[in-house]
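The opening position of the sequence shown corresponds to residue 401 in my numbering, with each subsequent residue numbered one higher.
Even glycine gets a Cβ: it sits at the ideal position worked out from N, Cα and C.
All of these numbers come straight from a predicted model, not from anything done at the bench.
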Amino acid sequence: MSNQSAAITVSQLKKSYKKVNVLKDVSFTVPKGSIFALLGANGAGKTTTINILATLLKADGGTAVVDGNDVAKKPDNVRKRISLTGQFAAVDDILTGRENLELVSDLRHIKNPKQTVARLLAQFNLEEAADRRVQTYSGGMQRRLDIAMSLIGSPSIIFFDEPTTGLDPQSRNGMWQTIKSLANAGTTIFLTTQYLEEADQLADNVCILNKGVIVAEGTPAELKKLLPHGQIELKFQDHKQLLAAAALLKRYKPEQNNELLLLTANTNGTVAELTQLLSTLEKAGIEVTEFAQKSPTLDDVFFKVINETKEKK
Ligand SMILES: Nc1ncnc2c1ncn2[C@@H]1O[C@H](COP(=O)(O)OP(=O)(O)O)[C@@H](O)[C@H]1O
Ligand SMILES: [Mg+2]
């Protein structure tokens, strides 16, 4: 499939390492300018996929076209258009942040190296630390430097292999902002993650890789629709009220948590049914002290599709 609006087209990709059959038949498309998340457990083959797309590794079968170029036939063209930020930062820690950036600028023969380096140091909040050795940087600072380095030369596609693994929550949020602003500026982002929340926060499209194949794909919202919705959680003052409510709400198949005084009811998700449920309780004089709507998370989808894949075996 050749597709003008696709940044990446992967078709029936296969890869084994000796006996380990990592990618059996992987196909997906990444639209230009979008954020795509390849989701999978540790060892699922995410890095293998990225390395094939970034021309670091050869596939055994299938095709991958990156920015109009087949990775197997035109690897040099692909390399000019992409950048890869690996699972482990590729910074040289004996050099300073500024020296790392200057080194990459030299390698990529860019026009205004000094200006570019200054702009990136500012953009990634590394101005103060610019002339310190990277050894003294925190993990979050090293990641930021790594990304700054990957932006030199304005690649049209950036690969991020597990960009937030090992980061503290604050650095993780900073990374999310960076990725979003890169995408807003028109860059296509391909990221891998084990965290569903990350895919949910960032991605326009998600593919779940499991046992060598894509087991689910769609927008985060589409994937969540695979799960039942309309579960609501009700909290009561005491056990007596909890029991009375459970009896009244039988037709919503309530699940009872005696310790937390919680009842989870399964509604069809409509306002009408919700209103009816609450008025049933009100008429009976039962007071709801807390109320929450439970929306399915991508985590639920992940575990559901992976369990279904297991059952099929
Ligand atoms: N060079 C290699 N030689 C042999 N096996 C490998 C090699 N690289 C990765 N693997 C195996 O392939 C599987 C997928 O690895 P990887 O792509 O790194 O997964 P992920 O990035 O999703 O954690 C794992 O079982 C891993 O042990
Ligand atoms: Mg990996």
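Per DSSP, which one or two residues make a beta bridge with residue i?
i	result
L484	F559
I632	A665, Q693
S416	N421
R533	T496
V616	According to the sequence as given, residue 616 is Ala; it is not Val. According to DSSP, which records beta bridges pairwise, A616 is partnered with I608.
F428	V410
Q656	L663
N469	V466
A437	L591, V606
G461	K414
V688	F636
In whole angstroms, give me the CA-to-CA distance for residue i and residue j.
i	j	result
Q552	R508	According to the sequence provided, residue 552 is Ile. The question's Gln does not apply to it. The alpha-carbon atoms of I552 and R508 are separated by roughly 8 Å.
E617	C607	4 Å
K418	D460	11 Å
E655	T664	5 Å
L634	T565	35 Å
A585	K432	12 Å
Q641	E690	13 Å
A675	G669	With the sequence shown as reference, residue 675 is identified as Thr, and Ala is not the correct amino acid for it. Distance between the alpha carbons of T675 and G669 is about 11 Å.
A437	N525	26 Å
T429	Y537	37 Å
L657	F636	The question names Leu, but residue 657 is Asn in the sequence shown. Between N657 and F636, the C-alpha separation is close to 11 Å.
R590	I706	According to the sequence displayed, residue 590 carries Phe and not Arg. If I take the Cα positions, the gap works out to 22 Å.
M401	A407	The predicted position of M401 is uncertain, since its pLDDT is 46 and thus under 50; a value taken from the coordinates is nonetheless stated next. For M401 and A407, the distance between alpha carbons rounds to 12 Å.
S550	A583	14 Å
V420	P696	34 Å
R376	I452	Residue 376 is absent from the structure shown; the chain starts at 401 and stops at 713.
F702	K653	25 Å
E528	K704	47 Å
S505	K480	14 Å
Q522	A599	A small fix is needed here, since residue 522 is Ala in this sequence, not Gln. Rounded to the nearest angstrom, the two C-alpha atoms are 27 Å apart.
T687	K694	Sequence check: residue 687 is Glu here, not Thr. Each residue's alpha carbon lies about 20 Å from the other.
L503	A548	12 Å
V671	G685	21 Å
S405	E597	27 Å
P555	A603	19 Å
T588	N469	15 Å
A518	N512	10 Å
G574	I450	23 Å
Under 8 Å between the Cβ atoms of residue i and residue j?
i	j	result
I557	D699	no
L609	L456	no
H639	L661	yes
S427	V410	yes
V613	D546	no
T592	D568	no
G445	V465	no
L501	L484	no
Q601	W576	yes
K424	T448	no
A454	F559	yes
T709	K625	no
L413	G443	no
Using a Cβ-based criterion (distance less than 7 Å to any ligand heavy atom), does residue i qualify as near ligand 1?
i	result
L485	Here residue 485 turns out to be Thr, not Leu, going by the sequence shown. Checking the Cβ of T485 against ligand 1 gives no.
V420	yes
N442	yes
Could you check if residue i belongs to the surroundings of ligand 2, using beta carbon to heavy atom distance under 7 Å?
i	result
T449	no
E598	no
D546	no
K415	no
D531	no
A446	For the sequence presented, residue 446 should be read as Lys rather than Ala. True, at least one ligand heavy atom lies under 7 Å from that Cβ.
E673	no
D561	yes
Checklist entry - Is it a yes or a no for the segment 628-647 touching the segment 474-484, going by three-plus beta-carbon pairs under 8 Å? => result no
Next on the checklist: Quick test of the definition: if touching needs 3 or more C-beta pairs under 8 Å, does the segment 495-505 touch the segment 520-534?
Outcome noted: yes
Checklist entry - Should the segment 676-689 be regarded as contacting the segment 633-648, the criterion being three or more beta carbon pairs within less than 8 Å? => result yes
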